[in-house]
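S.K.:
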DNA sequence: CATTTCGATAGATTATTTTTATGGCCTGCC
DNA sequence: GGCAGGCCATAAAAATAATCTATCGAAATG
């Protein structure tokens with residue numbers, strides 16, 4: 002039983018004639034005869050009977066006709082569904098993001114994406130960079146938004162833009178002072194940090210060791226919002242992604258802490274598996290991200 | 002897109018390997034590769050991606066997998082349904098019967114048939130012999146139970162048995178008399194007859210003209226039950242199929258009217274279209290009918 | 001009763017599928 | 001890090017399947 006045979010069968014059943022069915026499907030009549038014979042053999046049932054001139058469906062043929070029509074409709078729906086996915090009109094994109102991009106960037110990006118591709122489902126799981134890399138390698142995620150250069154052989158890295166890290170403090174913490182600190186002076190201030198292993202923390206540690214500063218970490222938090230709260234409460238200073246503190250800086254709930262030569266720029270990237278054929282929807286999301294960042 | 006390609010696709014999707022899928026379906030690996038490639042081309046969508054060693058479904062592949070499984074299940078159900086019809090376990094038999102067999106024979110036959118083949122639908126339409134023959138020729142009926150020899154070239158006639166016609170009267174009509182009538186004497190009695198065109202009437206008329214008797218028809222009714230009622234009420238005598246009057250004879254609501262040389266035997270037959278491939282269920286019904294008649 | 005229509009059949013031909021043989025790529029193991 | 005082994009892709013050959021041409025026979029038609 003093949004789909005082709007079923008289509009031939011349906012044409013014969015509908016037209017009540019082998020010859021006319023043959024014309025309709027652009028074959029010769031013997032080809033139709035053989036297709037029907039094979040279908041009958043494979044099903045073990047006679048499908049037509051020739052009473053006089055006309056051909057009639059047998060009872061088995063009537064049952065097959067019902068079912069074959071349903072099958073054809075379903076096959077056609079399936080073809081359409083796959084085609085929609087292939088064209089990016091439908092589908093699912095599984096996104097992973099590390100904390101900073103996940104919280105401060107992706108909501109905006111995904112909002113725009115959703116307006117553009119309303120029928121494409123997106124799932125976002127926020128985890129640390131390491132976990133995201135692992136899941137991408139296992140094909141459990143399609144795209145990863147991370148702030149560290151993985152530079153692994155198996156991953157494609159699409160640069161999105163710089164994510165500047167800015168030192169901040171509570172307005173009351175600094176008081177009236179406006180003096181620019183030397184990098185070493187940071188050691189004198191209590192420092193509220195993200196947990197070790199976070200991209201933000203890694204970038205800060207790398208900068209600090211480059212400058213020969215040892216930070217006076219008084220608190221480690223695995224959530225940038227919690228870090229902001231702690232700093233706003235005057236527990237200490239911190240260095241946070243600009244996109245994370247932009248609203249607080251505007252509302253003056255936090256203020257910049259000027260430090261000499263403090264240009265910590267983390268590179269935000271989208272990563273995906275080497276050799277992966279990005280679905281159109283995923284590809285569109287990457288494009289959209291690049292536009293929205295700049 | 003063929004069913005074969007979908008089955009191959011499902012095997013690959015399930016096993017995550019072209020080679021293992023090939024083993025499972027008994028082909029070589031390149032055959033699987035080509036099937037998948039053709040499927041991808043016909044759908045216009047990449048279905049698998051090779052990331053490292055394993056092959057993974059793309060989003061389009063995931064959609065196809067869902068749908069293909071449904072399609073497979075439906076195709077398999079369809080195959081089963083057709084097979085059941087072909088084996089006579091299921092199906093529909095469209096039966097036509099003329100009045101006498103339809104009322105007095107078929108309820109019993111169909112009851113027995115239903116117990117034997119509970120999943121086979123039967124439809125019974127009671128019409129006159131002419132209409133039944135026409136519908137059988139138009140393939141609107143599968144089997145016809147009639148009491149006249151159609152002997153048309155295009156019909157197969159399966160004899161079931163004799164349907165004896167017995168003269169009857171109301172007990173009160175005869176009074177104490179028990180004398181056997183000569184055929185000619187029947188003309189002296191009011192006769193309650195079936196309508197012209199009914200098989201019973203035709204048989205009686207044929208017998209009467211053979212005997213040179215002209216019946217004194219005082220009433221024509223198109224329903225044998227109505228004839229019985231009329232006779233029971235003493236409106237006259239009639240000649241009715243034995244199977245139609247058996248209960249009344251037993252209950253003495255009617256009594257036989259002995260007439261010399263009155264052996265009117267109508268032959269009951271099943272008819273179907275010449276060249277018709279009887280479905281197993283229909284065939285079984287014919288067999289059952291022959292058993293139950295004798 | 002000849003004629004036409006329609007499906008079945010057989011043999012030739014074409015198209016498709018499968019296999020065989022091989023190459024490239026990645027992985028994992030020493 | 002080199003090498004073997006596993007896995008998929010590819011191309012040509014072989015096998016299989018589908019289609020076409022030609023023709024037959026049965027049934028309906030005028």
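Residue numbers (our numbering), protein chains in the order written: chain A, 2 to 295; chain B, 2 to 295.
We put the beta carbon where it would ideally sit given N, CA and C, even for glycine.
Since we're looking at a predicted model, the values are computed, not measured.
1. At 9 Å on the CB atoms, spell out the chain B contacts of residue 130 of chain A, in chain order.
2. Tell me which residues share the same chain as residue 244 of chain A and place their Cβ nearer than 8 Å to its Cβ, disregarding the 5 neighbours each side in the sequence.
3. Select from B/274, B/247 and B/240 the residue whose C-alpha is nearest the C-alpha of residue 200 of chain B.
4. What are the uninterrupted segments assigned as beta strand (DSSP E) that are 3 or more residues long and contained completely in the region 202 to 278 of chain B, given in chain order?
5. Out of B/7, B/182 and B/55, which has the shortest C-alpha to C-alpha gap to residue 33 of chain B?
6. Given this structure, state the Cα-to-Cα distance separating residue 185 of chain A from residue 99 of chain A, to the nearest angstrom.
7. In terms of alpha-carbon separation, which member of A/20, A/35 and A/148 lies closest to residue 55 of chain A?
8. Using Cβ-Cβ distances below 7 Å, what residues of the region 81 to 97 of chain B are close to chain A?
9. Any chance the region 73 to 89 of chain A sits against the region 43 to 50 of chain A, with 3 or more Cβ pairs inside 8 Å?
10. Any idea if residue 292 of chain B is buried or exposed, counting beta-carbon neighbours within 10 angstroms, 16 or more meaning buried?
11. Can you check whether the CB of residue 286 of chain A is closer than 9 Å to the CB of residue 114 of chain A?
12. Counting only runs that start and end within the region 15 to 84 of chain A, where is the beta strand (DSSP E) found for 3 or more residues in a row?
13. Does the CB of residue 118 of chain A have a neighbour CB from chain B at under 9 Å?
14. Which runs of the alpha helix (DSSP H) at least 4 residues long sit entirely within the region 107 to 133 of chain B? Give them in chain order.
15. How long is the line joining the alpha carbons of residue 97 of chain A and residue 215 of chain A, rounded to whole angstroms?
16. Does the beta-carbon of residue 111 of chain A have 16 or more other beta-carbons within 10 angstroms, so that it is buried, or is it exposed?
17. Once DSSP output is grouped into helix, strand and coil, what is the label at residue 186 of chain A?
18. Would you please state the rounded distance, in angstroms, between the beta carbons of residue 170 of chain A and residue 258 of chain A? I believe it to be under 8 Å.
19. Based on the DSSP secondary-structure assignment, which residues constitute the bridge partners of residue 200 of chain B?
20. Determine, using beta-carbon pairs with one atom in the region 9 to 29 of chain B and one in the region 114 to 126 of chain A, whether at least three such pairs fall under 8 Å.
21. Under the three-state reduction of DSSP, which class applies to residue 288 of chain B: helix, strand or coil?
22. Going along the region 3 to 15 of chain B in order, which residues come within less than 8 Å of chain A, judged by CB to CB distance?
23. Residue 175 of chain A lies in the alpha helix (DSSP H); which residues open and close that run?
24. Tell me the DSSP secondary structure of residue 1 of chain A in three-state form.
25. List the residues of chain A that residue 222 of chain B touches, going by C-beta distances under 7 Å, in chain order.
26. Is residue 278 of chain B close to chain A? Criterion is C-beta to C-beta, closer than 9 Å.
27. Going by DSSP in three states, residue 164 of chain A sits in which element: helix, strand or coil?
28. What distance in whole Å lies between the Cβ atoms of residue 59 of chain B and residue 36 of chain B, which are believed to be in contact at a cut-off of 8 Å?
29. Below 9 Å between beta carbons: does that hold for residue 166 of chain A and residue 193 of chain A?
30. Could you spell out the range, first to last residue, of the beta strand (DSSP E) harbouring residue 144 of chain A?
31. To the nearest angstrom, how far is the alpha carbon of residue 109 of chain A from that of residue 90 of chain A?
32. Taking the continuous beta strand (DSSP E) assigned at residue 93 of chain A, which residues delimit it?
33. Rank B/29, B/211, B/231 and B/263 by C-alpha distance to the C-alpha of residue 183 of chain B and give the top, closest one.
34. From what residue to what residue does the beta strand (DSSP E) around residue 194 of chain A run?
M.R.: Inspection of the coordinates gives the following:
1. By Cβ distance, chain B contributes nothing, its closest Cβ being about 19 Å from residue 130 of chain A, past 9 Å.
2. 101, 105, 106 and 164
3. B/240
4. 217 to 222, 239 to 242 and 265 to 274
5. B/7
6. 29 Å
7. A/20
8. Per Cβ criterion, the list reads 82, 83, 84, 86, 87, 92 and 93.
9. no
10. exposed
11. yes
12. 49 to 52 and 55 to 58
13. no
14. 107 to 117
15. Spanning the alpha carbons of residue 97 of chain A and residue 215 of chain A requires a straight line of approximately 32 Å.
16. buried
17. helix
18. 5 Å
19. For residue 200 of chain B, which the question treats as bridged, DSSP gives no partner whatsoever.
20. no
21. helix
22. 3, 4 and 5
23. 172 to 175
24. Outside the displayed span of chain A (2 to 295) sits residue 1 of chain A, for which this structure offers no information.
25. Result: empty, since nearest Cβ-Cβ is about 35 Å, beyond 7 Å.
26. yes
27. strand
28. In fact, because the Cβ distance is near 17 Å, the residues do not count as touching under 8 Å.
29. Taking a C-beta distance under 9 Å as the contact criterion, residue 166 of chain A and residue 193 of chain A do not qualify as a contact pair.
30. 144 to 147
31. 20 Å
32. 92 to 98
33. B/263
34. 191 to 195
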